[in-house]
Each structure stands twice: as C-alpha cells, then as structure tokens.
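**Student:**
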Amino acid sequence: MDIDKHNIRRLDFSLLLIFDELVRHGRTTVVADRLGLGQSTVSHALTRLRELFGDPLFIRRPDGLTPTRRALELAPKVRDLMRLTQEVVGPTAEFDPAASNRGFRLAANDLVSALIGPPLLETLAAEAPSTRLITRFAVGQAACDALRKDEIDLAIGRFYKIPEEFETETLLQESFSVIVRNGHPRVGESLDLASFLDVEHLLVSFSGRLTGMVDEALAKQGLKRRVRSSVPMFLTAFASVAGSDLMATVPARLAQRYAPNFGLRVLPPPLVIESFPITLVRHPATRSDPGLAWLVGRVRQLADALRRQPKAGVASIPHEE
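257 is the number of the first residue of the sequence shown in my numbering; add one for each residue after it.
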C-alpha cells in the first residue's frame, strides 16, 4: 500500500490523544483538565480533527459530545496507533509490583470473581500493595467490546465465541455439581435421575433464558426438567436455594468453596454434563505491557492451584486441560 506522505505531514499526534480522550469522556472541559490544557486548545484541536478526517466526529448534546459513527470506527484504530507509537519511541518499561500504584481492570462474572478474586487480592496485597483491582461484571460480547475500547485489561470467563483479533488462553476446565439445602425433604443421601427430575430447579442465566447446558444434556435422553426461575449470578442462586426447596446445577469448584457458607449440600449430577473452559482473553496490543504480563502470570498460578484441588460432587465429560 502506498503511503500518503502529505496526510502524514498534516498529522499532529497530540490530536490523536485529544481525540481518544474525547471519545472516552465526551466533554471538552474534562479532557482539558485531564491533559492539562486550556479548553480553547481542546476546542481548536477538535476543529483540526474534523478537518483532518472530513467528519464532524462529535455531535454536541446537552449531556456532552456524542461520537459519530465515523468516530466510533476510528477510535480503536487510533488507540492501536498510539500504543504502537509508544512501543516505537518510548523506553522499555519494567514493572516493579512493590512500587507500582497501577489499577488493573478486569472483566469477569461472579464465578471467576468468587474463585480467583479473593486469592488474587491476597497476592496483590502481599506483592503489589499499592496497586488496585477494579472488577466489572461483563461476559461474552460485552467483555470483548470493553477490551476493544481499552476499558479493561483482561477478560476472564466462559466465552461461546471469541473474535480472532484477541489472544486467548484456557485457564482451566470447570465441571458441575448439584446444590440443595440441608434437610431438603425430597433429596436423600444420593441423587438419582428420578429425584433430579422431580424437584423444581433454579437456573443461572446471564441472558435470562430458562434453558441451559443441563437441559441440552437431558434433551439428548428425551427428558426435560422443571425450571421454576432463573437468576443472573451464581451466588444469588446459592442464596435462593438455601431458602427454598429448589435445586441448582452450578460450577463444581464454586459449590465446593461456598456451599458450606449457605448451609447447602453438594451432590454429583445424575447425568453427564459437558464441562466448559474458563478462558483468559486479552488484546494483542497489550502484549508488551510488563505490568499486565506480571498480572497474567499471577492469574495463571492461581488457576493452576485451583486445577490441582480435588473436586467433590462432579459429573462431566472430561476435557484435556
């Protein structure tokens, strides 16, 4: 591809920085404060950006500036260009966890937050005491979108489909256990398929569906369970099951760790349910980030420790980890 040297000569890289901040924050006053510039300087830069890209880029509304479609298309490319420029002209940085005050941004569901979050916080407290961990609930496409927008550093969870642009790593495979409250009137010491189908179920669904992997496994046998309700979080399911005669099928490691806190029994499912991977996803532009490399290494260690722990109350099709 031929390089348009005229356009490159017109480009002031400080404009790209202002553009990126405007996309993120949507107010010239906020951007001016963050960059230590006058508001008139930011407004003048916006005029130059509009001329450079031949588009209004931002529409002024009562609550701030709203990016146009063109601006939203440009935003990830501009961010990648700034990262690449930093790699080319910036010094090779080292990460000192003991001295860093960085905030690490993670997207996860409550399964990952409950299993990896507490030991990760302990690790940060011991090795990087001035750092901060900011976790937001985001799964699937929402987590991928947040990675594209540089709103998070890592996404960890179960992904049905991951765009090829991202780097992925399977941390561990998760299986399933059944939980019921202690003293459940219709569940004895063991759980057979007849009892499993006789009791009403609570389903964890991030999308609000009333069917899931258990129902797919039952359908292969021509069977169907009775799902009374769905909730969006696993620990909400634990609390709901503790106060009712409902039954829930949940990740085995989560059941093993938290069932005693809720007064629940953990039983193996009376059918084979396919296990699922917990995957770490990151943007390739962060590959040279030494701080993030350190964090990923610590997450791997925690996942390895979870993998080595024996699991009780498990039934699944094993996958090689």
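Note that beta-carbon positions come from the ideal geometry of N, C-alpha and C, so glycine has one too.
Where D409 and P540 are concerned, what is the direct C-alpha to C-alpha distance, given to the nearest angstrom?
**Tutor:** Taking the first residue of the sequence shown as position 1, residue 409 is located at position 153. Taking the first residue of the sequence shown as position 1, residue 540 is located at position 284. D409 and P540: Cα-Cα distance of roughly 11 Å.
**Student:** When you compare each of N365, P441, S431 to A411 by their alpha carbons, which one comes out closest?
**Tutor:** Here residue 411 refers to the residue found at position 155 of the sequence shown. For the residues N365, P441, S431, the minimum Cα distance to A411 belongs to N365.
**Student:** Could you name the residues of the same chain whose beta carbon sits closer than 7 Å to that of S578, not counting the 5 residues immediately before and after it, in chain order?
**Tutor:** Not covered by the structure: residue 578. The range shown for the chain is 257 to 577.
**Student:** Using beta-carbon positions only, say whether I372 and L510 come within less than 8 Å of one another.
**Tutor:** Walking along the sequence shown from the start, residue 372 turns up at place 116. Walking along the sequence shown from the start, residue 510 turns up at place 254. Taking a C-beta distance under 8 Å as the contact criterion, I372 and L510 do not qualify as a contact pair.
**Student:** What does a CB cutoff of less than 8 Å around R290 pick up in its chain, not counting 5 residues either side in sequence?
**Tutor:** In the sequence shown, the residue the question calls residue 290 occupies position 34. The answer, listed in chain order, is E277, H281.
**Student:** According to DSSP, simplified to helix, strand and coil, what is L580?
**Tutor:** Given that the chain is displayed from residue 257 to residue 577, the structure contains no residue 580 and the question cannot be resolved.
**Student:** Would you check if the segment 508-527 and the segment 318-336 touch, i.e. whether three or more CB-CB distances between them fall below 8 Å?
**Tutor:** no
**Student:** Assign G243 to buried or exposed, taking buried as 16 or more other Cβ atoms, counted over all protein chains shown, within 10 Å of its Cβ.
**Tutor:** Residue numbering for the chain in the displayed model covers 257 to 577; residue 243 lies beyond these limits and cannot be assessed.
**Student:** Just verifying my parser: in three-state terms, what is the DSSP assignment at E350?
**Tutor:** In the sequence shown, counting from the first residue as 1, residue 350 sits at position 94. Three-state result, E350: coil.
**Student:** If you run the structure through DSSP and keep just helix, strand and coil, what is S433?
**Tutor:** Residue mapping note: residue 433 aligns to position 177 of the sequence shown, counting from 1. Of the three classes helix, strand and coil, the one that applies to S433 here is strand, per DSSP.
**Student:** Is P323 helix, strand or coil when you go by DSSP?
**Tutor:** Locating residue 323 in the sequence shown gives position 67, counting from the first residue. Residue state, collapsed to three classes: strand.
**Student:** Could you give the DSSP three-state label for L328: helix, strand or coil?
**Tutor:** Numbered from 1 along the sequence shown, position 72 holds the residue referred to as residue 328. Helix, per DSSP.
**Student:** Quick check: the segment 478-497 against the segment 550-566, are there 3 or more CB pairs under 8 Å?
**Tutor:** no
**Student:** Starting from F580 and walking both ways along the beta strand (DSSP E), at which residues does that stretch end?
**Tutor:** Residue 580 cannot be examined here, being either before or after the span of the chain that is shown, 257 to 577.
**Student:** So, under 8 Å CB-CB, V497 and A504 are touching, yes? Tell me the CB distance rounded to an integer number of Å.
**Tutor:** Along the sequence shown, one-based indexing puts residue 497 at 241. Along the sequence shown, one-based indexing puts residue 504 at 248. Contact holds; Cβ gap of about 5 Å.
**Student:** For a quick check, are the C-beta atoms of L436 and R521 less than 8 Å apart?
**Tutor:** In the sequence shown, counting from the first residue as 1, residue 436 sits at position 180. In the sequence shown, counting from the first residue as 1, residue 521 sits at position 265. The question names Leu, but residue 436 is Val in the sequence shown. Against a cut-off of 8 Å, the Cβ pair of R521 and V436 comes out as a contact.
**Student:** Do L527 and L215 come within 8 Å of each other at the CB atom, strictly closer than that value?
**Tutor:** For the chain, the structure presents residues 257 to 577; residue 215 sits outside this window and is missing.
**Student:** What span of residues does the beta strand (DSSP E) with L523 cover, start to end?
**Tutor:** Numbered from 1 along the sequence shown, position 267 holds the residue referred to as residue 523. That run of the beta strand (DSSP E) goes 520-523.
**Student:** Between the C-alpha atoms of L302 and S270, what's the straight-line distance to the nearest angstrom?
**Tutor:** Residue mapping note: residue 302 aligns to position 46 of the sequence shown, counting from 1. Residue mapping note: residue 270 aligns to position 14 of the sequence shown, counting from 1. If you take the alpha carbons of L302 and S270, they lie about 11 Å apart.
**Student:** Could you compute how far the alpha carbon of T387 sits from the alpha carbon of S461?
**Tutor:** Walking along the sequence shown from the start, residue 387 turns up at place 131. Walking along the sequence shown from the start, residue 461 turns up at place 205. Taking the straight line from one Cα to the other gives about 33 Å.
**Student:** Closest to P533 by C-alpha separation, out of Y416, L502, P524, would be which residue?
**Tutor:** The count along the sequence shown starts at 1 and reaches residue 533 at position 277. Checking every option, the nearest Cα to that of P533 belongs to Y416.
**Student:** If contacts are defined as beta-carbon pairs under 8 Å, then L305 and F275 qualify, I think. What distance do you get, rounded to the angstrom?
**Tutor:** As a working mapping, residue 305 is identified with position 49 in the sequence shown. As a working mapping, residue 275 is identified with position 19 in the sequence shown. The pair is a contact, with the Cβ atoms about 6 Å apart (cut-off 8 Å).
**Student:** Looking at the unbroken alpha helix (DSSP H) that takes in H300, where does it start and where does it end?
**Tutor:** The residue given as residue 300 occupies position 44 in the sequence shown. H300: member of the alpha helix (DSSP H) spanning 295-309, first to last residue.
**Student:** Would you call S433 buried or exposed, if buried means 16 or more other Cβ atoms sit within 10 Å of its Cβ?
**Tutor:** In the sequence shown, counting from the first residue as 1, residue 433 sits at position 177. The residue is buried, with at least 16 neighbouring Cβ atoms inside 10 Å.
**Student:** Would you report the Cα separation of A394 and G478, rounded to the nearest angstrom?
**Tutor:** As a first step, residue 394 must be located in the sequence shown, where it is residue number 138. As a first step, residue 478 must be located in the sequence shown, where it is residue number 222. Distance between the alpha carbons of A394 and G478 is about 34 Å.
**Student:** Any idea if G310 is buried or exposed, counting beta-carbon neighbours within 10 angstroms, 16 or more meaning buried?
**Tutor:** For the purposes of this step, residue 310 is identified with residue 54 of the sequence shown, where counting begins at 1. Result: exposed.
**Student:** Taking Cβ positions, are V537 and T467 nearer each other than 8 Å?
**Tutor:** Along the sequence shown, read from residue 1 onward, the residue named residue 537 stands at position 281. Along the sequence shown, read from residue 1 onward, the residue named residue 467 stands at position 211. Contact flag unset, no.
**Student:** In chain order, what residues of the same chain lie with their CB nearer than 8 Å to the CB of R465, ignoring the 5 residues before and after it?
**Tutor:** Taking the first residue of the sequence shown as 1, we reach residue 465 at position 209. Hits under 8 Å: L459, S486.
**Student:** Can you check which of these residues, D471, L308, P353, is closest to I529 by C-alpha distance?
**Tutor:** Taking the sequence shown and counting its residues from 1, the one referred to as residue 529 is at position 273. Measuring C-alpha to C-alpha distances from I529 to each of D471, L308, P353 identifies D471 as the nearest.
**Student:** Measure the C-alpha to C-alpha separation of L308 and F360 and round it to an integer number of angstroms.
**Tutor:** Taking the first residue of the sequence shown as position 1, residue 308 is located at position 52. Taking the first residue of the sequence shown as position 1, residue 360 is located at position 104. Whole-angstrom Cα-Cα distance: 34 Å.
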